[in-house]
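Undergrad:
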Amino acid sequence: MIQNITLIGSGNVAHNLGAALVSAGLNVVDVYSRSIKNAKYLAEKLNAKHTDDFDKINKKSDLYILATTDNSITEIGNRLKLGNKLVVHTSGSVGIDSFISTSSNFGSFYPLQTFTKNHQADFTEIPICIEANNEKSLKNLSDLAQKLTNRVIELSSEQRKKLHLSAVFVCNFANFMQVIGQDLCENQGVDFSLLQPLIKEVFEKNNTGKAIDNQTGPALRGDTFTMNNHLEILKDNKELSELYKLISKMIGNRRL
22 MIQNITLIGS GNVAHNLGAA LVSAGLNVVD VYSRSIKNAK YLAEKLNAKH TDDFDKINKK
82 SDLYILATTD NSITEIGNRL KLGNKLVVHT SGSVGIDSFI STSSNFGSFY PLQTFTKNHQ
142 ADFTEIPICI EANNEKSLKN LSDLAQKLTN RVIELSSEQR KKLHLSAVFV CNFANFMQVI
202 GQDLCENQGV DFSLLQPLIK EVFEKNNTGK AIDNQTGPAL RGDTFTMNNH LEILKDNKEL
262 SELYKLISKM IGNRRL
């Protein structure tokens, strides 16, 4: 059974996951970060010890969670020598084989959500995707995840990578579309809040049906008059003009 946890990392995921684990009655016993300042800040929130020294990481924890950048997981995994201790990462795009030289028990613990330090996400609504290299570790991760959410899903590394790609489109890219919309409004002195009911409606409809069935707009209608007017507005911004034409073409192709 997992009770005592070492958290490696001090970024957005570490802050949210660490707080959720503590709220669920688990012990985060120590926090490691390359920045001692960041390690201390998070550890104090979790009532844990902190360190920036690999040699001082607690060696008796039941679980080691790497909530770090994707490109540092293999490096950290190679430095950690945990014997048979269970170690996981929280990445959507890294396979679990990164831990082959770290421990005989390893896997992934991927909460499918966007996180920021200044906002604590509600884990009861977050799907947690798990994977492990053996049944015992998988059971331990499943039991742990069920303390945070009812949405626990077992996915292979390949399935998780494709899910993460989908997440980039529906979250990161969709959010950047709003960044563009805000910029356009600000440049014209228009209140962006006028678009909030529209944004809300789009995402609420997609909760109850397929997104393609809810697609609207000039590209779907083949309304070249409106699209040309939009491109005229964007004529001095080559990147946005090309983006507009590409997305409109893709929507139009789905209409055919």
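First residue of the sequence shown: 22, per our numbering; consecutive thereafter.
By construction, the Cβ of each residue, glycine as well, lies at the ideal position given by its N, Cα and C atoms.
Since we're looking at a predicted model, the values are computed, not measured.
CA-CA distance, Gln-282 and Asn-258?
TA: Residue 282 cannot be examined here, being either before or after the span of the chain that is shown, 22 to 277.
Undergrad: Within its chain, find whatever has a CB closer than 6 Å to the CB of Gly-30; leave out the 5 residues flanking it on each side and keep chain order.
TA: For this step, residue 30 is matched to residue 9 along the sequence shown. Ala-88 and Thr-89.
Undergrad: How about Gln-24 and Leu-47: are their beta carbons less than 8 Å apart?
TA: Against the sequence shown, residue 24 aligns to sequence position 3. Against the sequence shown, residue 47 aligns to sequence position 26. Yes, Cβ-Cβ distance for Gln-24 and Leu-47 is below 8 Å.
Undergrad: Less than 6 Å between C-beta atoms, sequence neighbours within five positions excluded: which residues of the same chain meet that for Val-108?
TA: Position 87 of the sequence shown, counted from the first residue, corresponds to residue 108. Excluding sequence neighbours, Val-108 sits near Tyr-85, Phe-120, Thr-123, Ser-124 and Phe-127.
Undergrad: Are the Cβ atoms of Ala-60 and Val-52 separated by less than 8 Å?
TA: Within the sequence shown, the letter at position 39 stands for residue 60. Within the sequence shown, the letter at position 31 stands for residue 52. Closer than 8 Å, so yes.
Undergrad: Mapping the DSSP letters down to three states, classify Val-130 as helix, strand or coil.
TA: By one-based count along the sequence shown, residue 130 stands at place 109. According to the sequence as given, residue 130 is Phe; it is not Val. Strand.
Undergrad: Report back the beta-carbon spacing between Val-50 and Ser-82 to the nearest angstrom; my notes put them in contact at under 8 Å.
TA: Counted from its first residue, the sequence shown places residue 50 at position 29. Counted from its first residue, the sequence shown places residue 82 at position 61. Right, the Cβ-Cβ distance comes to about 6 Å (below 8 Å), so this counts as a contact.
Undergrad: DSSP three-state call for Val-189: helix, strand or coil?
TA: Position 168 of the sequence shown holds residue 189. Helix.
Undergrad: Using C-beta distances below 6 Å, list every residue in its chain close to Arg-276, excluding the 5 sequence neighbours before and after it, in chain order.
TA: Along the sequence shown, read from residue 1 onward, the residue named residue 276 stands at position 255. Once the five neighbours on either side are set aside, the close Cβ partners of Arg-276 are Leu-241.
Undergrad: For Glu-175, which of Leu-162, Ser-187 and Leu-169 has the nearest alpha-carbon?
TA: The sequence position of residue 175 within the sequence shown is 154, counting from 1. Per the Cα distances, Leu-162.
Undergrad: Cutting at 8 Å between CB atoms, please list the residues of its own chain near Gly-243, excluding the five before and the five after it.
TA: Within the sequence shown, the letter at position 222 stands for residue 243. Cβ-Cβ distances below 8 Å link Gly-243 to Gly-273 and Arg-276 in the same chain, with the five nearest sequence neighbours on each side left out; the list follows chain order.
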